[in-house]
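Structure first, then comments.
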Amino acid sequence: MQTILHHNSSGAAAYTGRLKKREVHRAITLHPVKDHRQMYRLHTYFKNLHIQDLREQSLDLHRDIASSVHELGVDRDEVENYVLPGDVPLFPVKIGEPGYLGNNKILGAPIDFNRYKPDTVEDIIPFDFVSKSIYSVSHSNPKRRIETPLKEALDDVIREVMEIINAPSRQRGRVIDFNELLYGYTRLQPLHGADHVLDLLLRYRRYRGRKMTAAVRRHAYLQQSFTGTDIRELPMGEPPPIEEPEILEQLELNGKNYQNDYEDFDEPQNQNSFLDIGKLNVREAFENSLQKIQSNLPKVLKWSDDEYEYPIYDRRIYFVLPLLGRFEVFKRFMKNYEDIVLKTDEAVTLIVVLYVDSKSPLDYSNSESLINHYKDVYGKDIQIVQMGSTTFSRGAALTEGIKLCSSDNLVFFIDVDMMFNHITLRRIRINTVKYHQVYFPIVFSEYNPDVVHGDDYNKFKDETLVTDTDIGKYVESDDGAMKSDTELANLKYSKVINDDFGYFRQYGFGILSIYKCDFDRVGGFDLNIKGWGLEDVQLFETLIKSNLTVYRIADETLVHIFHSVDCDKNLEKSQFLMCLGTKASTYGSEKHMIYYMLNHPEVLWPQEEKGVS
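286 is the number that full-length UniProt numbering gives to position 286 of the sequence shown; each next residue is one higher, with no gaps.
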């Protein structure tokens with residue numbers, strides 16, 4: 001009884017944590033739920049479980065269909081066009097039409113580790129070995145800690161396996177409990193799903209007849225199959241959540257009580273105003289229902305063509321650029337900014353936070369003069385925050401720059417070494433959603449060009465190498481089609497993206513797109529951090545812990561141009577080690593290092609070069 005009528009004694013914190021627990025899944029009632037938001041969360045969670053069950057049933061039906069038509073001798077490629085007796089099509093709705101049931105060739109694949117058959121050795125998908133750490137042959141870091149998504153996925157798989165094993169426990173008079181995962185193998189097949197081989201340590205308990213308890217060890221061969229893909233389109237730029245203080249204040253000024261501002265559609269007086277199909281046709285009933293829903297929403301959530309405030313593709317972006325010296329590099333950045341933004345009248349404002357570099361003090365005045373030149377030529381607003389001889393801190397610089405923005409401005413933190421194009425601006429606008437999502441692009445970082453184009457590596461290669469790294473990817477098209485100015489600019493500021501020229505900086509978090517109101521809500525940067533690095537990592541961790549979604553993906557249009565890195569020995573130890581790691585990563589790839597060692601054996605065997613035995 002305590003199991004099915006579950007009481008959580010955590011008080012106000014009840015059911016606020018993870019819901020993927022055996023106690024929650026086995027219960028028929030959960031008590032107490034102190035917060036109405038947690039009630040909505042619980043409702044959504046159990047609805048998702050129900051949807052998952054329905055999708056699994058759909059997958060089973062696809063497998064039954066595939067098995068049946070195979071017995072009938074029907075080729076797998078002809079299943080979707082198969083006609084049953086009586087001229088009844090097996091799949092009446094074809095691909096691309098509403099109500100399409102999915103590709104039976106994929107969804108109906110049998111449960112088999114060999115359902116994906118590679119054509120070449122390169123197509124083989126290797127397993128990752130999972131123990132205390134995860135070991136991969138395809139990852140740049142072959143041994144690493146188990147990432148949170150994989151850990152959660154394995155927990156879900158094991159929990160479902162134990163539920164299946166214990167389903168007949170009452171009939172068999174035994175219970176099997178999970179103890180620990182000793183090791184396992186896992187891989188992801190993009191076409192079908194995930195494969196797992198898990199070595200499980202279990203505890204067998206028999207409570208009927210001769211009672212006993214024993215430790216058992218079993219191998220579990222498991223597959224998680226993908227179901228059909230459903231796509232839901234949402235308008236970009238979601239309205240703010242109702243709990244925002246500014247919105248609550250506005251509702252109070254309008255005399256609204258948002259918690260009581262919804263009428264109950266189950267009340268008798270509302271029955272005739274909702275979907276009364278008997279009196280209205282379907283279209284009228286649907287429109288009436290939408291109108292009814294809109295009329296009961298708080299004003300801030302009502303939709304209207306006249307009041308639509310989220311023109312995403314025209315949203316102004318505020319670039320915030322901290323700058324300490326480096327005038328020549330800044331000239332290159334401004335040339336990029338001129339071609340992509342100024343010449344095309346893009347909705348972008350540049351804010352430069354300018355510091356005096358004691359090693360090259362003239363860079364300060366030269367940078368100011370360059371900014372004024374572009375302002376005079378194009379008449380665009382480029383703002384300068386003068387920090388003078390203040391000790392440089394990237395977090396403090398970005399904080400000063402963002403102070404010039406209003407709360408609903410879209411802000412993009414950028415570095416002077418970055419190169420971007422029009423596609424970058426579009427992705428910033430699309431992937432950043434106010435009150436909901438921040439965008440951390442993974443930028444492509446160039447290797448040292450002296451290594452990439454040096455003899456140590458290239459004399460082993462047959463192809464002719466391009467030594468001019470500034471020409472971009474523009475080539476004449478075979479069809480002779482004229483390219484627009486925007487396309488030419490995109491090609492001009494696009495680099496060749498492959499392992500020979502650079503790598504995606506997976507552990508770099510300095511480039512960020514966020515709305516100022518969201519930046520303020522999480523508290524911004526830790527201004528106690530001085531010098532190089534670490535402030536972006538701490539902000540990233542803060543955003544992860546917040547209720548904002550962190551959207552992180554590789555963006556090949558954002559390229560970090562190589563420059564030498566000098567690590568200050570006076571930095572904090574963690575910052576100094578991070579700096580050394582970045583310096584080593586940008587030198588070259590593993591392949592470059594291998595060829596360097598082949599040409600310089602004295603690095604590996606210095607004693608032999610000196611003639612010492």
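Glycine included, each C-beta is placed from N, C-alpha and C at the ideal position.
It should be emphasised that the depicted structure is a prediction, and the values quoted were computed from it without experimental measurement.
Between residue i and residue j, what straight-line distance do the alpha-carbon atoms span, to the nearest angstrom?
{"i": "residue 647", "j": "residue 37", "result": "As displayed, the chain neither begins before 1 nor continues past 613, which places residue 647 out of reach and without an answer."}
{"i": "residue 7", "j": "residue 31", "result": "5 angstroms"}
{"i": "residue 625", "j": "residue 581", "result": "This structure leaves residue 625 out entirely; the chain is present only between 1 and 613."}
{"i": "residue 51", "j": "residue 207", "result": "35 angstroms"}
{"i": "residue 299", "j": "residue 436", "result": "Legend: pLDDT at residue 299 = 43, less than 50; position of this residue unreliable, value from coordinates given subsequently. Computed Cα separation, rounded: 20 angstroms."}
{"i": "residue 409", "j": "residue 367", "result": "26 angstroms"}
{"i": "residue 465", "j": "residue 453", "result": "For residue 465, the pLDDT reaches just 39, beneath the cut-off of 50, and the residue's location in the model is therefore unreliable, although a value from the coordinates is still provided. If I take the Cα positions, the gap works out to 8 angstroms."}
{"i": "residue 14", "j": "residue 42", "result": "11 angstroms"}
{"i": "residue 474", "j": "residue 497", "result": "Bear in mind that the predicted position of residue 474 carries a pLDDT of just 38, short of 50, making it unreliable; the figure below should be weighed with that in mind. Each residue's alpha carbon lies about 14 angstroms from the other."}
{"i": "residue 388", "j": "residue 397", "result": "11 angstroms"}
{"i": "residue 341", "j": "residue 318", "result": "12 angstroms"}
{"i": "residue 576", "j": "residue 54", "result": "53 angstroms"}
{"i": "residue 47", "j": "residue 21", "result": "16 angstroms"}
{"i": "residue 590", "j": "residue 561", "result": "19 angstroms"}
{"i": "residue 87", "j": "residue 81", "result": "11 angstroms"}
{"i": "residue 175", "j": "residue 159", "result": "14 angstroms"}
{"i": "residue 500", "j": "residue 28", "result": "58 angstroms"}
{"i": "residue 189", "j": "residue 233", "result": "26 angstroms"}
{"i": "residue 352", "j": "residue 372", "result": "12 angstroms"}
{"i": "residue 313", "j": "residue 418", "result": "22 angstroms"}
{"i": "residue 593", "j": "residue 137", "result": "18 angstroms"}
{"i": "residue 116", "j": "residue 587", "result": "38 angstroms"}
{"i": "residue 538", "j": "residue 78", "result": "55 angstroms"}
{"i": "residue 329", "j": "residue 516", "result": "28 angstroms"}
{"i": "residue 508", "j": "residue 378", "result": "34 angstroms"}
{"i": "residue 570", "j": "residue 358", "result": "17 angstroms"}
{"i": "residue 161", "j": "residue 579", "result": "45 angstroms"}
{"i": "residue 124", "j": "residue 141", "result": "20 angstroms"}
{"i": "residue 216", "j": "residue 165", "result": "14 angstroms"}
Since residue i contacts residue j with CB under 8 angstroms, what's their CB separation in whole angstroms?
{"i": "residue 404", "j": "residue 382", "result": "Not quite, the Cβ-Cβ distance comes to about 12 angstroms (not below 8 angstroms), so this is no contact."}
{"i": "residue 70", "j": "residue 107", "result": "So it is not a contact: roughly 14 angstroms between Cβ atoms."}
{"i": "residue 102", "j": "residue 228", "result": "4 angstroms"}
{"i": "residue 511", "j": "residue 443", "result": "6 angstroms"}
{"i": "residue 202", "j": "residue 182", "result": "Rounded, the Cβ-Cβ distance is 11 angstroms, inconsistent with contact."}
{"i": "residue 544", "j": "residue 432", "result": "Not a contact, Cβ separation roughly 16 angstroms."}
{"i": "residue 555", "j": "residue 427", "result": "6 angstroms"}
{"i": "residue 224", "j": "residue 157", "result": "7 angstroms"}
With DSSP run on the structure shown, which of helix, strand or coil describes residue i?
{"i": "residue 147", "result": "coil"}
{"i": "residue 692", "result": "This structure gives no information on residue 692, because the portion of the chain shown stretches from 1 to 613."}
{"i": "residue 51", "result": "helix"}
{"i": "residue 180", "result": "strand"}
{"i": "residue 549", "result": "strand"}
{"i": "residue 340", "result": "helix"}
{"i": "residue 508", "result": "coil"}
{"i": "residue 208", "result": "coil"}
{"i": "residue 87", "result": "coil"}
{"i": "residue 581", "result": "helix"}
{"i": "residue 64", "result": "helix"}
{"i": "residue 396", "result": "helix"}
{"i": "residue 471", "result": "With a pLDDT of 38 at residue 471, under the threshold of 50, the modelled position of that residue is not reliable, and the figure given next carries that caveat. Three-state result, residue 471: coil."}
{"i": "residue 378", "result": "helix"}
{"i": "residue 219", "result": "strand"}
{"i": "residue 213", "result": "strand"}
{"i": "residue 388", "result": "strand"}
{"i": "residue 451", "result": "helix"}
{"i": "residue 317", "result": "strand"}
{"i": "residue 433", "result": "strand"}
{"i": "residue 231", "result": "coil"}
{"i": "residue 618", "result": "The structure shown does not extend to residue 618, since the chain spans only 1 to 613, so no value can be given for it."}
Sort out for me which residues DSSP pairs residue i with in a bridge.
{"i": "residue 555", "result": "443"}
{"i": "residue 502", "result": "446"}
{"i": "residue 225", "result": "193"}
{"i": "residue 322", "result": "353"}
{"i": "residue 30", "result": "6"}
{"i": "residue 128", "result": "186"}
{"i": "residue 513", "result": "412 and 439"}
{"i": "residue 135", "result": "129 and 143"}
{"i": "residue 560", "result": "418 and 445"}
{"i": "residue 167", "result": "None, per the DSSP bridge assignment."}
{"i": "residue 383", "result": "351"}
{"i": "residue 175", "result": "205"}
Beta strand (DSSP E) runs contained entirely in the segment 2-28, provided each spans 3 or more residues: 5-7
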